[in-house]
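The listed protein sequences derive, respectively, from chains A and B. The opening residue of the first sequence carries number 482 in this note's numbering; numbering runs sequentially from there. The opening residue of the second sequence carries number -1 in this note's numbering; numbering runs sequentially from there. For glycine and all other residues, C-beta sits at the position ideal for the given N, C-alpha and C.
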Amino acid sequence: MDLGVNLAPRHKVELRLRNPVMTASGTFSNGLEIARHFDVDELGGVVSKGTTLRPRRGNPTPRTVETPAGMINSIGFQNIGVSALISNVAPVWAQWQVPCIVNIMGDTVPEYGQLAARLDGIPGVAGLEVNISCPNVGVGGLEFGQDPRAAREVVSEVARHTSLPFLVKLTPSVSDIRPIAEAVALAGGHALTVSNTIPALAIDPKRRQPHLATVFGGLSGPAVKPITMRNVYLASSVVDIPVVASGGAMSGLDVVEFIMAGASAVQIGTASFVDPEAPWRCLRELRAWCEAEGVSSLDEIRGVARRLD
Amino acid sequence: MRRFEAEVTESARLYGSTHVLWLRREDALRTITPGQFVMLTCGEGADPLLGRAMSIHRLREGSAGPEWSILFDIVGRGTEWLSQRRDGDLVRVVGPLGRGFEPRPRVQRLLLIGGGIGCAPLIWLADEVAAEGREVTLVLGGRTEAQIFPPHLLPPAVEVIVTTEDGSLGERGRVTAPFERLLPWCDQAFACGPEPMFGALHEVARRSGLRKPVQALLEARMGCGFGICYSCAVFPRRGGVKLVCHDGPMFDLRDLY
Ligand SMILES: Cc1cc2nc3c(=O)[nH]c(=O)nc-3n(C[C@H](O)[C@H](O)[C@H](O)COP(=O)(O)OP(=O)(O)OC[C@H]3O[C@@H](n4cnc5c(N)ncnc54)[C@H](O)[C@@H]3O)c2cc1C
Ligand SMILES: Cc1cc2nc3c(=O)[nH]c(=O)nc-3n(C[C@H](O)[C@H](O)[C@H](O)COP(=O)(O)O)c2cc1C
Ligand code: FES
Chain A
482 MDLGVNLAPR HKVELRLRNP VMTASGTFSN GLEIARHFDV DELGGVVSKG
532 TTLRPRRGNP TPRTVETPAG MINSIGFQNI GVSALISNVA PVWAQWQVPC
582 IVNIMGDTVP EYGQLAARLD GIPGVAGLEV NISCPNVGVG GLEFGQDPRA
632 AREVVSEVAR HTSLPFLVKL TPSVSDIRPI AEAVALAGGH ALTVSNTIPA
682 LAIDPKRRQP HLATVFGGLS GPAVKPITMR NVYLASSVVD IPVVASGGAM
732 SGLDVVEFIM AGASAVQIGT ASFVDPEAPW RCLRELRAWC EAEGVSSLDE
782 IRGVARRLD
Chain B
-1 MRRFEAEVTE SARLYGSTHV LWLRREDALR TITPGQFVML TCGEGADPLL
49 GRAMSIHRLR EGSAGPEWSI LFDIVGRGTE WLSQRRDGDL VRVVGPLGRG
99 FEPRPRVQRL LLIGGGIGCA PLIWLADEVA AEGREVTLVL GGRTEAQIFP
149 PHLLPPAVEV IVTTEDGSLG ERGRVTAPFE RLLPWCDQAF ACGPEPMFGA
199 LHEVARRSGL RKPVQALLEA RMGCGFGICY SCAVFPRRGG VKLVCHDGPM
249 FDLRDLY
């Protein structure tokens, strides 16, 4: 059985994963804590916490609240900053076999370029994931990923500053994900991550206040799976670069469903909070499913559920 | 840290509306220290989704081997579910987690301060240090008698002081009064309770000018319990940000305020 996938088939530097099970940004820290307990080299890929040019302390608390079959978070991009990542984290990653991908986030288009340039050629860094589900500070709060032109600018800027393969992580906060997916693919993104947390709000009736200190946050977990499923289906039907699913996967069967919708790989996020072994369990369950179904390569099932084209 | 299933061996209301749940001790919990905690999945499916943090309350030798327990009040769905577990039921556990109390090896007099359900991890600490032959005073505070862990369930060597806000048991008032009295006596202090209690203890400790080391066991809203979600942030006085589950839950009181 060959579960391998290449997330940058048309780029000179490939991004080969041994299997399609990855971790999701912000739900695995930078992997160092978990790696003390479990063998990260068995996974397809590891994605770092969202990393910015300078370290950030993040938002005030409460930062998370549980909701039906999900949770809302507003962590506020607490991270150690790109310099500390390069000096303290990447050298550890360089000892691992698993490809480690840095999730980057900028406030402005040039910041994305600077982050990409800093990470280019750093041993231990196998690729980037460019988070465009965040406000374009220069343009009054609209997310980069909500505006095809801004999304294109970010992608071109990153492509100009790195030889690393990179995924572009789209936002679900659009009425139709297809135009953005097409714009990003045209501008040179090597793969798409579809998608991210969904803007949400929870009220605490006892305090008569929002649960979170920042009022709004992003919904994740099993509650968002059907929404992600639709977006994976739609995005993968209009682009010919790989699509990575992110949103709601809890089991190996969820991974199978995302692949049937058109995904090449699947990120395990919130599931890891409940069970630190979730990515490994999903992988075991995926293997068992393939064995039981006589599937020897994921190409046999990728996109089989799609009827749109 | 591991994820495993633990079998319930005893479930009871211990006092007031406080429950105790005893579980068979798996290999994963072989090396644990007072103040460490676990995350418990409180249900079968994906709702409720996240684990609930519970301090390890006590250890004992059961009829079929070693056991551990949690002590909790019912405050919502998760704790309600836990209170309904019966002998033989399985509970999914992630643990052991966090950095527990660190009594200095040679200190002789230990002062333990528990506010409300915050007494849970201190009972085990009291068991341990009393068994080592050290002097322990445990202050148990609550609003009323029903919130006080029954002193007769503690080893006789532990001196217990009770405070209740309504005076229904022990001294009328809060734990800060005995804390202030006993601070000069003790070599090291340990505290667990609601957030405002820590502020009050810090104020007393600071005013005393004694610079006694006080270890505080913090609570925070947790998503994971093992350092990957960044939900449980605290912002120490000197700046920066720490994770309660990973850098704590034990912190030096002076580093916080
Ligand atoms: C390290 C640690 C150790 C703990 N040890 C114990 C213990 O030994 N015994 C015990 O009874 N409780 C303990 N708690 C608190 C316990 O985790 C919460 O009371 C529990 O999660 C509530 O779950 P629920 O589903 O019953 O309530 P929910 O319906 O989730 O919430 C009910 C109320 O509790 C609050 N709450 C929810 N989660 C937490 C949390 N993690 N910390 C504080 N408040 C919370 C909510 O804001 C709400 O007001 C500990 C918490 C931490 C962080
Ligand atoms: C606590 C938390 C923090 C997150 N931080 C980031 C981040 O820094 N960068 C990013 O691109 N996505 C971040 N995400 C989004 C996840 O990577 C993932 O896309 C989303 O949670 C949906 O997947 P899930 O349902 O499997 O969790 C975060 C999600 C959570 C729950
Ligand atoms: S609870 Fe997730 S990092 Fe502390």
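Flag glycine 605 of chain A as yes when its Cβ comes closer than 8 Å to any non-hydrogen atom of ligand 2, and as no otherwise. As a position in the first sequence, residue 605 of chain A is number 124, starting the count at 1. The answer is no for glycine 605 of chain A.
Look up lysine 530 of chain A in the DSSP assignment and say whether it is helix, strand or coil. Against the first sequence, residue 530 of chain A aligns to sequence position 49. Note: lysine 530 of chain A maps to coil in three-state DSSP.
Quick one: is isoleucine 708 of chain A near chain B, going by C-beta distance under 9 Å? In the first sequence, residue 708 of chain A corresponds to position 227, counting from 1. Chain B, which has no Cβ nearer than 9 Å to the Cβ of isoleucine 708 of chain A, makes this no.
Would you tell me roughly how many angstroms separate the C-alpha atoms of valine 635 of chain A and serine 614 of chain A, rounded to the nearest one? Reading the first sequence from its first residue, position 154 is the one you call residue 635 of chain A. Reading the first sequence from its first residue, position 133 is the one you call residue 614 of chain A. The alpha-carbon atoms of valine 635 of chain A and serine 614 of chain A are separated by roughly 12 Å.
Tell me whether the beta-carbon of glycine 507 of chain A lies closer than 9 Å to the beta-carbon of tyrosine 228 of chain B. Here residue 507 of chain A corresponds to residue number 26 of the first sequence, with the count starting at 1. Here residue 228 of chain B corresponds to residue number 230 of the second sequence, with the count starting at 1. Against a cut-off of 9 Å, the Cβ pair of tyrosine 228 of chain B and glycine 507 of chain A comes out as a contact.
Under 8 Å from any heavy atom of ligand 2, does the C-beta of cysteine 227 of chain B make it? What you label residue 227 of chain B is simply residue 229 of the second sequence in a count that begins at 1. Taking 8 Å as the cut-off, one finds at least one heavy atom of ligand 2 near enough to the beta carbon of cysteine 227 of chain B.
Alpha carbon to alpha carbon, how far is alanine 516 of chain A from phenylalanine 509 of chain A? The residue labelled residue 516 of chain A in the question sits at position 35 within the first sequence. The residue labelled residue 509 of chain A in the question sits at position 28 within the first sequence. Roughly 10 Å between the two C-alpha positions.
Three-state class that DSSP yields for leucine 19 of chain B in the structure shown: Working through the second sequence from its first residue, we reach residue 19 of chain B at position 21. Three-state result, leucine 19 of chain B: strand.
Would a check of beta-carbon distances place methionine -1 of chain B closer than 9 Å to chain A? Sequence index remark: in the second sequence, residue -1 of chain B carries index 1 (1-based). Answer yes: the Cβ-Cβ gap between methionine -1 of chain B and chain A drops below 9 Å somewhere.
Reduced DSSP category for histidine 490 of chain A - H, G, I as helix; E, B as strand; rest coil: Your numbering for residue 490 of chain A matches position 9 in the first sequence. With the sequence shown as reference, residue 490 of chain A is identified as proline, and histidine is not the correct amino acid for it. Three-state DSSP puts proline 490 of chain A in coil, outside helix and strand.
Could you tell me if the beta carbon of leucine 47 of chain B falls within a distance shorter than 8 Å of some heavy atom in ligand 3? Numbered from its first residue, the second sequence carries residue 47 of chain B at position 49. For ligand 3, not one heavy atom lies less than 8 Å from the Cβ of leucine 47 of chain B.
Contact residues within the region 65 to 92 of chain B, judged by C-beta distance below 7 Å to chain A: Under the 7 Å Cβ criterion, the region 65 to 92 of chain B contributes Val92.
Every unbroken alpha helix (DSSP H) within the region 553 to 636 of chain A, with a cutoff of 4 residues, ordered by chain: 562 to 565, 571 to 574, 590 to 600
Just tell me which of B:Gly93, B:Leu110, B:Arg90, B:Leu241 has its CA closest to the CA of phenylalanine 99 of chain B. As a first step, residue 99 of chain B must be located in the second sequence, where it is residue number 101. It is B:Leu110.
Beta-carbon gap between leucine 120 of chain B and proline 32 of chain B smaller than 9 Å: Within the second sequence, the letter at position 122 stands for residue 120 of chain B. Within the second sequence, the letter at position 34 stands for residue 32 of chain B. Yes, these two residues count as a Cβ contact at 9 Å.
Can you pull the chain A residues whose beta carbon is under 7 Å from the beta carbon of cysteine 40 of chain B, in chain order? Stepping through the second sequence from its first residue, residue 40 of chain B is reached at position 42. By Cβ distance, chain A contributes nothing, its closest Cβ being about 11 Å from cysteine 40 of chain B, past 7 Å.
Do three or more CB pairs link the region 521 to 529 of chain A to the region 581 to 590 of chain A at distances below 8 Å? yes
Consider the Cβ of histidine 150 of chain B: report whether some Cβ of chain A lies at a distance smaller than 9 Å. Residue mapping note: residue 150 of chain B aligns to position 152 of the second sequence, counting from 1. Histidine 150 of chain B does not count as touching chain A.
Do the region 762 to 771 of chain A and the region 39 to 55 of chain B meet, that is, are 3 or more Cβ pairs less than 8 Å apart? no
Backbone CA spacing between leucine 181 of chain B and valine 639 of chain A [nearest angstrom]: Counted from its first residue, the second sequence places residue 181 of chain B at position 183. Counted from its first residue, the first sequence places residue 639 of chain A at position 158. Each residue's Cα considered, the two are about 59 Å apart.
For alanine 4 of chain B, which residues does DSSP report across the bridge? The sequence position of residue 4 of chain B within the second sequence is 6, counting from 1. Paired residue(s): B:Val89.
Within-9 Å CB hit, lysine 554 of chain A to chain B: In the first sequence, counting from the first residue as 1, residue 554 of chain A sits at position 73. Strictly speaking, residue 554 of chain A in this sequence is asparagine, with lysine absent from that position. Chain B contact via Cβ: present.
Any non-hydrogen atom of ligand 2 within 8 Å of serine 791 of chain A CB: Residue 791 of chain A lies beyond the stretch modelled for chain A, which goes from 482 to 790, so this question has no answer here.
List the whole-angstrom C-beta distance separating alanine 571 of chain A from proline 536 of chain A, where the pair is believed to meet the contact cut-off of C-beta under 8 Å. Here the question's residue 571 of chain A lines up with position 90 in the first sequence. Here the question's residue 536 of chain A lines up with position 55 in the first sequence. The pair is not a contact, with the Cβ atoms about 16 Å apart (cut-off 8 Å).
Would you say the beta carbon of glutamine 627 of chain A is closer than 8 Å to some non-hydrogen atom of ligand 2? Sequence index remark: in the first sequence, residue 627 of chain A carries index 146 (1-based). Outside the cutoff, so no.
For the region 727 to 753 of chain A, which residues have a beta carbon sitting closer than 8 Å to at least one beta carbon of chain B? Met731, Thr751, Ser753
7 Å Cβ shell around isoleucine 661 of chain A - same chain, five flanking residues per side excluded: Start at 1 with the first residue of the first sequence, and residue 661 of chain A comes out as number 180. Hits under 7 Å: Gly626, Pro629, Ala632, Leu651, Val655.
Cβ-heavy atom distance between alanine 218 of chain B and ligand 3 below 8 Å? The residue you call residue 218 of chain B lines up with position 220 of the second sequence. Yes, ligand 3 has a heavy atom inside 8 Å of this Cβ.
For alanine 694 of chain A, which residues in chain B fall below 9 Å Cβ to Cβ? Mapped onto the first sequence, residue 694 of chain A falls at position 213. The premise fails here: alanine 694 of chain A is roughly 10 Å from chain B at the closest Cβ pair, so nothing lies under 9 Å.
Under a CB-based cut-off of 9 Å, is threonine 550 of chain A close to chain B? Along the first sequence, one-based indexing puts residue 550 of chain A at 69. Sequence inspection shows alanine at residue 550 of chain A; the threonine mentioned does not correspond to that position. So, interface residue.
Is it true that the CB of arginine 219 of chain B sits closer than 9 Å to the CB of arginine 544 of chain A? For the purposes of this step, residue 544 of chain A is identified with residue 63 of the first sequence, where counting begins at 1. For the purposes of this step, residue 219 of chain B is identified with residue 221 of the second sequence, where counting begins at 1. Yes, they are a contact pair.
Output yes or no for whether 9 Å exceeds the beta carbon distance between serine 745 of chain A and leucine 488 of chain A. Stepping through the first sequence from its first residue, residue 745 of chain A is reached at position 264. Stepping through the first sequence from its first residue, residue 488 of chain A is reached at position 7. Yes; because the gap between Cβ atoms is below 9 Å, this pair is in contact.
Methionine 503 of chain A: first and last residue of the uninterrupted beta strand (DSSP E) it sits in: On the first sequence, position 22 is the one that residue 503 of chain A refers to. Start and end: 502 to 504.
Arginine 209 of chain B to valine 747 of chain A span [Cα, whole Å]: Here residue 209 of chain B refers to the residue found at position 211 of the second sequence. Here residue 747 of chain A refers to the residue found at position 266 of the first sequence. Those two C-alpha atoms are separated by around 53 Å.
Determine the closest residue to valine 6 of chain B out of B:Glu169, B:Trp122, B:Cys230, B:Arg90, with distance taken between C-alpha atoms. Position 8 of the second sequence, counted from the start, is the residue given in the question as residue 6 of chain B. Among B:Glu169, B:Trp122, B:Cys230, B:Arg90, the Cα nearest to that of valine 6 of chain B is on B:Arg90.
May I ask you to check if the CB of glutamate 130 of chain B is nearer than 8 Å to at least one heavy atom of ligand 1? Within the second sequence, numbered from 1, the residue matching residue 130 of chain B stands at position 132. No; taking the cut-off as 8 Å, the Cβ of glutamate 130 of chain B has no heavy atom of ligand 1 nearer than that.
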